[in-house]
Amino acid sequence: MGILQWFVMAALALVVFVVQVVALVDAARRPDSGYRAEGRVPKAGWLAILGVAAALGFLGLPQGWLQGGFMFGSFLNIIAVAPAIIYWVNLRPRLQSYGTRKKPRGPQGGW
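Counted from 1, the sequence shown has number 76 at position 65 by this note's numbering; the numbering is strictly sequential.
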């Protein structure tokens, strides 16, 4: 594999990993009630699925300059990006109406 091809593959692997981690963080921020109301896999299930996908995405990152075995990492990325895409396209738009965890902002209470 040439150096340009390696850089393109490494950039794609990094983008896939970032998408997976952002999906995991976003899923963790959504309230559990949204997952239950949508009748989908519970929040803990989605966190486990996206966590495993992010771990596979991390393993799919290139480990060194032009080392062999990068094709195996590409295969891991193809498998691992599927749950993140399903989350972003199918579940996240439905969960947006439930917002994120409610945390009070600013001073609370009156005088």
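For each residue, glycine too, the CB sits at the ideal point set by N, CA and C.
Within the stretch 45-80, the complete alpha helix (DSSP H) runs of at least 4 residues fall at 54-70.
Between the stretch 13-22 and the stretch 31-40 there are fewer than three inter-stretch CB-CB distances shorter than 8 Å, so the stretches are not counted as touching. Around the C-beta of Arg-47, fewer than 16 other C-beta atoms lie within 10 Å, and the residue is accordingly described as exposed. Assignment of Pro-42 by DSSP, reduced to helix, strand and coil, places it in the coil class. Contact check for Ala-91 against Val-27 passes: the beta carbons are separated by less than 9 Å.
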